[in-house]
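Numbering (this note's numbering), first residue to last: 1 to 546.
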Amino acid sequence: MLGLMQEWPLLCHRIIDHAATYHGERPVVTRSVEGPIFTTNYAAIRARALKLAKRLDKDGVKLGDRVATLAWNTWRHLETWYGILGIGAVYHTVNPRLFPEQLIWIINHAEDRVMMTDLTFVPLLEKLADRLPKIERYIVLTDAAHMPKTSLKNAVAYEEWIGEVDGDFAWKSFDENTAAGMCYTSGTTGNPKGVLYSHRSNVLHAFMAALPDSKNLSVRDVCMPVVPMFHANGWSLAFSTPMVGASLVLPGAKMDGASIYELLDAYKVTFTAAVPTVWLMLLQELEKTGAKLPHLKRVVIGGSAAPRAMTQKFEQTYGVEVVHAWGMTEMSPLGSLCTMKPEYAQLTGEARLDIQQKQGHPPFGVEMKITDDADKKLPWDGKTFGRLKVRGPAVARCYFKAENEKILDAEGFFDTGDVSTIDPYGYMQITDRAKDVIKSGGEWISSIDIENLAIGHPKVAEAAVIGIKHPKWDERPLLVVVMKKDQTATKEDILAFMQGKIAKWWMPDDVAFVDEIPHTATGKILKIALRERFKNYVLPTAQAAE
Ligand code: AMP
Numbered sequence: 001m002l003g004l005m006q007e008w009p010l011l012c013h014r015i016i017d018h019a020a021t022y023h024g025e026r027p028v029v030t031r032s033v034e035g036p037i038f039t040t041n042y043a044a045i046r047a048r049a050l051k052l053a054k055r056l057d058k059d060g061v062k063l064g065d066r067v068a069t070l071a072w073n074t075w076r077h078l079e080t081w082y083g084i085l086g087i088g089a090v091y092h093t094v095n096p097r098l099f100p101e102q103l104i105w106i107i108n109h110a111e112d113r114v115m116m117t118d119l120t121f122v123p124l125l126e127k128l129a130d131r132l133p134k135i136e137r138y139i140v141l142t143d144a145a146h147m148p149k150t151s152l153k154n155a156v157a158y159e160e161w162i163g164e165v166d167g168d169f170a171w172k173s174f175d176e177n178t179a180a181g182m183c184y185t186s187g188t189t190g191n192p193k194g195v196l197y198s199h200r201s202n203v204l205h206a207f208m209a210a211l212p213d214s215k216n217l218s219v220r221d222v223c224m225p226v227v228p229m230f231h232a233n234g235w236s237l238a239f240s241t242p243m244v245g246a247s248l249v250l251p252g253a254k255m256d257g258a259s260i261y262e263l264l265d266a267y268k269v270t271f272t273a274a275v276p277t278v279w280l281m282l283l284q285e286l287e288k289t290g291a292k293l294p295h296l297k298r299v300v301i302g303g304s305a306a307p308r309a310m311t312q313k314f315e316q317t318y319g320v321e322v323v324h325a326w327g328m329t330e331m332s333p334l335g336s337l338c339t340m341k342p343e344y345a346q347l348t349g350e351a352r353l354d355i356q357q358k359q360g361h362p363p364f365g366v367e368m369k370i371t372d373d374a375d376k377k378l379p380w381d382g383k384t385f386g387r388l389k390v391r392g393p394a395v396a397r398c399y400f401k402a403e404n405e406k407i408l409d410a411e412g413f414f415d416t417g418d419v420s421t422i423d424p425y426g427y428m429q430i431t432d433r434a435k436d437v438i439k440s441g442g443e444w445i446s447s448i449d450i451e452n453l454a455i456g457h458p459k460v461a462e463a464a465v466i467g468i469k470h471p472k473w474d475e476r477p478l479l480v481v482v483m484k485k486d487q488t489a490t491k492e493d494i495l496a497f498m499q500g501k502i503a504k505w506w507m508p509d510d511v512a513f514v515d516e517i518p519h520t521a522t523g524k525i526l527k528i529a530l531r532e533r534f535k536n537y538v539l540p541t542a543q544a545a546e
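If you want it as structure tokens, here you go:
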């Protein structure tokens, strides 16, 4: 027997309908790519998204067609998402920080028909355009006054283009499992893989993301997503914020400490989210100027492990609650968030920071397990590490154009490629990427734990740990560090700082000082490049063992 409730497909554009109806006047503030601050609201965004939908429809863009965006977080970018979604086309966020060859590969693989680009990326696209045969036209997200002269095919200024139609248009209706958005994972090896979200998965994920023990978003918040919309589905903020009717502040192209601080302060932002690199720049700025953060209540830190010292600074110096979050493109992207359960709520100081080093517990809609290499489930004791696997309605079941390649195990779980522990209260802690874990004498050493510890050294700016071949132990850790500007330290200084804070056999066998650590396009340490650089490195302990 079926239930007798209404059919109401979970379609993403219903979110902007709701925001426009009940929170229509709520401000959406952007630092525009052209420069000035621009303020609009949800009602206007919906009205213009309808125009965009009508315009795309007029151009023959149909259900399932991919429309690429190469753009910062702005009100126009938000409009493009909803306009594209409203006709059943698929927004494809392209990460401008990828290498040109990867960009070409991704855009061609996705078979994007239209490219919507910010002014910033016009010169880049002009260089690539010859190799993007499927793109029929380029829409530059600006007005006629700022439209540059360009060789891009059928290029037009966004404002002129949508100005050619009125907004008299009705969203299309279709099955909630229809494809909605696409984001390629920036793998460190092989070709990128396309993750294809559905309307249903995005809507369910937005509910999950807004929950009190997720981002705890409400209509009373002023939310600033610093994480770009082209990173892992923009961490759902383009959906979960209008869903609750919170006000939005969008930082556009400027994410340096001073620019971010200016927006936090001027618009009394209460909630914000980004990767650690962004927060490092903000904290440095605050230290320099002595400014405070009186309005900010919560900051989500994710994408890479949140360093302990960063969490401590935010909470103890600035009174801002840190929510450490973990996720991945394949998970829409939220997997877990570290909020305090009653068992931990009373903790303060170092004990609280210990818990906040963990990536936290999953919201309803994400199931987790840890297994060994033979797929046997491992205990949740907070110590045993294993491969982290996940299942849920907003987790990928296969990649785009690779529907026949199985990526789920027999129970339908997706292998995240991360290695983690889970404690008895269900808090997950990442200890490594499966391919980065250091295998020493048959035991695993977590490179992330050592890195976090090394970053705590007051003179260290960045640290990475890789496994180096060892004749006796198979692999041993090498700590690679970048010192802060004008600071020096010896190997002995660094090791003495770490001594006693981790197991003896986890201590790095050597320390290498470098000027720079390579990063991927999403700001993660590119271990593969480091391993290549140090492939012939001989550890002092290796010589001794031979
Ligand atoms: P992406 O799909 O580019 O967002 O990358 C996802 C990967 O980033 C995860 O599988 C993790 O390896 C890493 N990651 C994300 N958040 C965290 C975190 N809080 N701590 C450690 N690693 C993280």
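Positions of the beta carbon are idealized from the N, C-alpha and C atoms, including for glycine. Since the structure is predicted, the reported quantities are computational estimates derived from the model, not experimental observations.
Whole-number beta carbon distance between residue j and residue i, since they are thought to touch under 8 angstroms
i	j	result
V165	K62	So it is not a contact: roughly 17 angstroms between Cβ atoms.
A129	H92	Not a contact, Cβ separation roughly 17 angstroms.
D474	S447	About 15 angstroms separates the two Cβ atoms, so there is no contact after all.
Y138	L152	4 angstroms
D168	K134	Their Cβ separation, rounded to whole angstroms, is 31 angstroms, which puts D168 and K134 out of contact at 8 angstroms.
V222	V249	6 angstroms
Q359	H324	6 angstroms
D509	P477	6 angstroms
D118	L141	5 angstroms
H470	A374	At roughly 25 angstroms, the Cβ-Cβ gap does not stay under 8 angstroms, so H470 and A374 are not in contact.
N202	F230	16 angstroms between Cβ atoms; not a contact.
F414	E330	6 angstroms
V275	S236	That belief does not hold up - the Cβ atoms of V275 and S236 are roughly 15 angstroms apart, past 8 angstroms.
G365	M208	5 angstroms
Endpoints, the beta strand (DSSP E) within which residue i is located
i	result
K439	I438 to S440
E321	E321 to G327
F513	D510 to F513
T566	The question about residue 566 has no answer, for the chain in this structure spans 1 to 546.
L250	S247 to L250
R66	R66 to L70
S336	L334 to C338
Element boundaries [alpha helix (DSSP H), containing residue i]
i	result
P276	P276 to T289
K469	Segment V460 to H470 is the beta strand (DSSP E) holding K469; no alpha helix (DSSP H) there.
F207	H199 to A210
V122	V122 to L128
Y261	G257 to A266
S240	L237 to V244
T80	W75 to L85
T348	Segment: none, T348 is in no alpha helix (DSSP H) and carries neither H nor E.
N452	S447 to I455
I525	No alpha helix (DSSP H) holds I525; DSSP gives it neither H nor E.
Beta-ladder partner(s) of residue i, from DSSP
i	result
R137	V114
Q429	T421
F271	C223 and R298
T178	Looking at the DSSP assignment, T178 forms no beta bridge with any residue, so it has no partner.
G360	M428
R31	I37
F414	V390 and L408
D474	S440 and H470
C398	C398 pairs with nothing; no bridge assigned.
E367	R391
C12	None, per the DSSP bridge assignment.
L56	DSSP output for L56 lists no bridge partner at all.
V195	C183
Any non-hydrogen atom of the ligand AMP closer than 7 angstroms to residue i Cβ
i	result
T185	yes
S304	yes
I430	yes
R97	no
I333	With the sequence shown as reference, residue 333 is identified as Pro, and Ile is not the correct amino acid for it. Yes, the Cβ of P333 comes within 7 angstroms of a heavy atom of the ligand AMP.
R308	no
D418	yes
H205	no
W326	yes
T522	yes
A464	no
A232	yes
Q359	yes
T329	yes
Exercise. Should the segment 304-314 be regarded as contacting the segment 449-464, the criterion being three or more beta carbon pairs within less than 8 angstroms?
Worked result: A contact exists between the segment 304-314 and the segment 449-464.
Exercise. For the segment 494-506 against the segment 76-89, are there 3 or more C-beta pairs whose distance is under 8 angstroms?
Worked result: Contact fails: fewer than three Cβ-Cβ distances are below 8 angstroms.
Exercise. Using 8 angstroms as the threshold, is the segment 411-421 in touch with the segment 372-388, meaning 3 or more CB pairs across them?
Worked result: A contact exists between the segment 411-421 and the segment 372-388.
Exercise. Is the segment 483-502 in contact with the segment 511-527, if contact means three or more CB pairs nearer than 8 angstroms?
Worked result: Remark: three or more beta-carbon pairs, one from each stretch, lie closer than 8 angstroms, so the segment 483-502 and the segment 511-527 are flagged as touching.
Exercise. Does the segment 314-321 come within contact of the segment 290-299, defined as at least 3 CB pairs closer than 8 angstroms?
Worked result: In this structure the segment 314-321 touches the segment 290-299; the number of beta carbon pairs closer than 8 angstroms is three or more.
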